[in-house]
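Chemist: Input: one structure, supplied below.
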Amino acid sequence: MSEKSWFTEFPAMERADLVSIRKTMDGAYREFSREYGDIIESLFDPLLSFLIWFEQLLLQSPWLLVLGCLTGLVYLASRSWKLSLSVVVAMSLIGYFGMWDNTMRTLSMITVCTMLAIVLGIPIGIAMARSDRVQKVVTPMLDIMQTMPAFVYLIPVVMLLGIGKIPGLIAVIIYAIPPVIRLTNLGIRLVDKEVLEAATAYGATSTQRLLGVQLPLAMPTIMAGINQTIMMALAMVVIASMIGVKGLGQPVLKSITNQYFTLGLLNGLAIVVLAIIFDRVSQAWANRTQKHLGETAHG
Amino acid sequence: MAEQALIEVRNLYKVFGKKARQVMSSVHKGTGKDELLAETGHTLGLRDINLSVKRGEIFVVMGLSGSGKSTLIRHFNRLIEPTEGQILVDGTDVTKLNKKELEQFRRHKMSMVFQRFGLLPHKTVLDNVAYGLSVQGMDKSERNRKATEWLETVGLKGYESQYPSQLSGGQQQRVGLARALCTDAEILLMDEAFSALDPLIRSEMQDQLIELQAKLHKTIIFITHDLDEALRLGDRIVILKDGELVQMGRPEEILLQPATDYVEAFVKDVNRARALTVETVMQPPLNRISASTIGGALEQMRKLPENYGYYFSDKGYQGIVLQEALEEAAKTNADGSLKDDMVEELDAISPDAILESIIPDTMETEYPLPVVDSDGELQGELCRSDLIEVLSDANTQAA
């Protein structure tokens, strides 16, 4: 009998063993989160207050002022009246359909997530570019972050920090940070060897090489990474709403459970509008500032 | 020798690979490049290089790709670390400098020009030229002033605010040259600096380099795979093959006395008429006549191996006199002065002239041409048969 079952069924471990492993690990983690949860949570307090402050800033300011600032920023970055006008029209429509507040919440979340992803991601990318060993360690971690279903890493985060903005932020960053890290690494590694050699030959220190040569020349690639990061952060908005992040994601979640097609569509479209604005503006800015690099790349 | 060696390379070895030091013993035993690669997976870059570069000369390192010439030049400013050996620049051993000292050394002692220019694409031409100075921390107005001057020197005035991608290849390399000159470094490393340019622009750049060098007297180490370029620019040439030094010498030595078959194969295609100067082919000056009377001249002439002589009065070279004519004149008036009508006109040539330019002159007369330097002194004589021998020697080898 045992031989037959070995042949037809995979020889799995005993059910009881598996349960005990699960129990031990879950217990240990629960113990850990009970012990250190508060301390870890308090570490994130400054970040939380910043998040709340920024969200309140966008919500409490008169909508005309916010729209004005937004359009001004878009124009400064892209120098295009057409794009700025489109932003005004799109944001007005969002407001008219009653999604202004949720859009502001999502906008603040995405902005903070992107800023954090850049602040964390670019130094990690630089470290990867400088050392093959770091690259060997970080690459599989990035693979895991990108392929592991978001729900799976939501569990420990929620166990540790409860539901709310901070766990949402962590989930979004875990999901969205890989592109900026990968492309910073790639961009720096692709910098023309001879240009870098020239800088070395003229006695540039490694900091001078990094800031004066490697980062500026890698910038188009890094910008592409940042762009991807923003897009992925927006894609996480709905999932983040499951753990209590307010914004455009929550109405979508509500629509799924209640089959409100129009509500879902409208909020979904608002997310798309935000994505398009971020994308076009960052692309236009990158193209404008890197015209000279572009010419050599194609020439 | 009175000339002082500025750079001295002693027993320089370079092995590429993870355990370079361990395989050195096998290299010292004389393992060849291919054997070493097969046995240990290590590539022999340079083997036992010894050379010295004099202050103020253009020293050309020449070889085909894979010969180790680019590896060698990168040892001078330690863009590549040697496996063994010493590099002395002005008495200090470059291989022993620590990180800070090395940065200072690169900033002030040597600058470099690259094959594909190595310009910073995101900076303007002016900022590129000033790059070396900005690395040194010089303030902006001062370094821009210097950079503007050097841009003007290389003939790119007005291009200051352009970006490298807006310039042609020749112009970009001028920017590279200006950048190298801008730091006032004594030594200029030029790594195949003109190889990426098309032939016409290349020869223009060579002219410009020679012109600049006449003014600046830098010590230039010039890498090339083009023998014509090496012969044109080099005061001395070293030829590398498979990481080993094959021959070192003045251009005409390389051309006329190739040390190995390899060098000989190299030089056989060179247009000697264009590469050699009169100086290298001429015979020693023997037939000089300076007496002012016919009798005196005849006396001098009889001691000469030939039956002609080049007549120098106190005003310098006048022309050629023939023994026959002197004897005729001496019969009637031995004490009379040597008159112009006995001197036949024959143009003198300069020792620096390239052979190609004096071929027509040699065709016009049956006598050897006098070689007279810029001080008006007779340096030698160039006989047609010697010229033909040198030129046809090249042709038979090429055939």
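Chains S and R, in that order, are what the protein sequence lines are. Just add 14 to wherever you are in the first sequence, counting from 1, and you've got my numbering. Just add 76 to wherever you are in the second sequence, counting from 1, and you've got my numbering. Note that CB positions come from ideal geometry on N, CA and C, so glycine has one too. All of these numbers come straight from a predicted model, not from anything done at the bench.
1. Can you tell me the Cα-Cα spacing of S/P192 and S/F275, whole angstroms?
2. Quick check on S/T276 - is its C-beta less than 8 Å from some C-beta in chain R?
3. Among R/Q455, R/K415, R/E421 and R/Q212, which one has its Cα closest to the Cα of R/E440?
4. Does any residue of chain S have a CB that is nearer than 8 Å to the CB of R/E498?
5. With three or more beta-carbon pairs closer than 8 Å as the criterion, would you say the segment 292–305 of chain R touches the segment 264–281 of chain R?
6. Near R/D423, what residues of its chain come up, given a Cβ to Cβ distance below 8 Å and the 5 sequence neighbours on each side ignored?
7. Does chain S have any CB closer than 8 Å to the CB of R/S237?
8. Determine which residues of the segment 197–226 of chain S have a Cβ less than 7 Å from any Cβ of chain R, and write them out in chain order.
9. I want to see whether chain R comes within less than 8 Å of S/T310, judged by CB atoms only; does it?
10. Which residue or residues does DSSP assign as beta-bridge partners of R/G395?
11. Short of 7 Å in beta carbon distance, which residues of its chain neighbour S/V259, apart from the five on each side in sequence? Order them along the chain.
12. Taking a contact to mean a Cβ-Cβ separation below 8 Å, would you say R/G245 touches R/A269 in this structure?
13. So, is the C-beta of S/L130 closer than 8 Å to a C-beta in chain R?
14. Establish whether the CB of S/P230 and some CB of chain R are separated by less than 8 Å.
15. According to DSSP, is R/V136 helix, strand or coil?
16. Closer than 8 Å by C-beta to R/D449: which residues in its own chain qualify, once you throw out the five before and the five after it? Chain order, please.
17. Classify R/K176: buried if its beta carbon has 16 or more other beta carbons within 10 angstroms, exposed otherwise.
18. Mind checking which residues open and close the alpha helix (DSSP H) that includes R/T369?
19. Determine the burial state of S/F21: buried for a count of at least 16 other Cβ atoms within 10 Å of its Cβ, exposed for fewer.
20. Could you tell me the distance, in whole angstroms, from the CA atom of S/A311 to the CA atom of S/V205?
21. Which runs of the alpha helix (DSSP H) fall wholly inside the segment 134–174 of chain S and span at least 4 residues, in chain order?
22. How long is the line joining the alpha carbons of R/K222 and R/M281, rounded to whole angstroms?
23. Measure from the C-beta of R/M266 to each C-beta in chain S and report whether the shortest distance is under 8 Å.
24. Could you check the C-alpha separation between S/L168 and S/T128 for me, to the nearest Å?
25. I'd like to know whether the C-beta of R/R219 is nearer than 8 Å to at least one C-beta of chain S.
26. Just the C-alpha distance for R/S237 and R/K199, rounded to the nearest angstrom, thanks.
27. Along the segment 181–194 of chain R, what residues have a CB closer than 7 Å to any CB found in chain S?
28. Run through DSSP, which three-state label would R/A269 get?
29. Report the rounded CA-to-CA distance for S/S94 versus S/D293, giving the unit in angstroms.
30. With a cut-off of 8 Å, does the C-beta of R/G246 fall near any C-beta of chain S?
31. For R/N126, is the classification buried or exposed, using 16 other Cβ atoms within 10 angstroms of its Cβ as the cut-off for buried?
32. Within the 8 Å Cβ cut-off, does R/N174 reach chain S?
33. Could you say if the segment 135–143 of chain S and the segment 75–95 of chain S meet the contact criterion of at least three C-beta pairs nearer than 8 Å?
34. Quick one: what does DSSP say R/P436 is sitting in, helix, strand or coil?
35. Could you round the C-beta distance between S/T235 and S/V194 to whole angstroms and report it? I think they count as a contact, below 8 Å.
36. What first and last residue would you give for the beta strand (DSSP E) that runs through R/I313?
Modeler: Reading from the atomic positions:
1. 33 Å
2. For S/T276, the answer is no, since every Cβ of chain R falls outside 8 Å of its Cβ.
3. R/E421
4. Any answer about residue 498 of chain R is impossible in this case: the structure gives chain R only from 77 up to 475.
5. yes
6. D437 and L445
7. no
8. E208, V209, E211, A212, T214, A215, Y216, G217, A218, T219 and Q222
9. Caution is warranted here: a pLDDT of 45 is assigned to S/T310, below 50, making its placement in the model unreliable, and no coordinate value can be reported.
10. Per the DSSP secondary-structure output, R/G395 pairs in a beta bridge with R/Y387.
11. M123, K179 and G182
12. no
13. no
14. yes
15. In this structure, R/V136 counts as strand in the three-state DSSP scheme.
16. S426, P427 and Q455
17. Exposed: under 16 other Cβ atoms inside 10 Å.
18. That residue, R/T369, is in no alpha helix (DSSP H); it is neither H nor E in DSSP.
19. exposed
20. Model confidence at S/A311 stands at a pLDDT of 41, short of 50, so the residue's coordinates are unreliable and nothing is read from them.
21. 146–161
22. 21 Å
23. Proximity of R/M266 to chain S, defined by a Cβ-Cβ separation below 8 Å, is not satisfied.
24. If you take the alpha carbons of S/L168 and S/T128, they lie about 19 Å apart.
25. Chain S, which has no Cβ nearer than 8 Å to the Cβ of R/R219, makes this no.
26. Distance between the alpha carbons of R/S237 and R/K199: 9 Å.
27. Residues of the segment 181–194 of chain R with a C-beta less than 7 Å from any C-beta of chain S: R182, R183, S187, M188, F190, R192 and G194, listed in chain order.
28. Coil at R/A269, not helix or strand.
29. 14 Å
30. no
31. exposed
32. In terms of beta-carbon proximity, R/N174 stays away from the interface with chain S, with every pair separated by 8 Å or more.
33. no
34. helix
35. Going by Cβ atoms, the distance from S/T235 to S/V194 rounds to 10 Å, so no, they are not a contact pair.
36. R312 to K317
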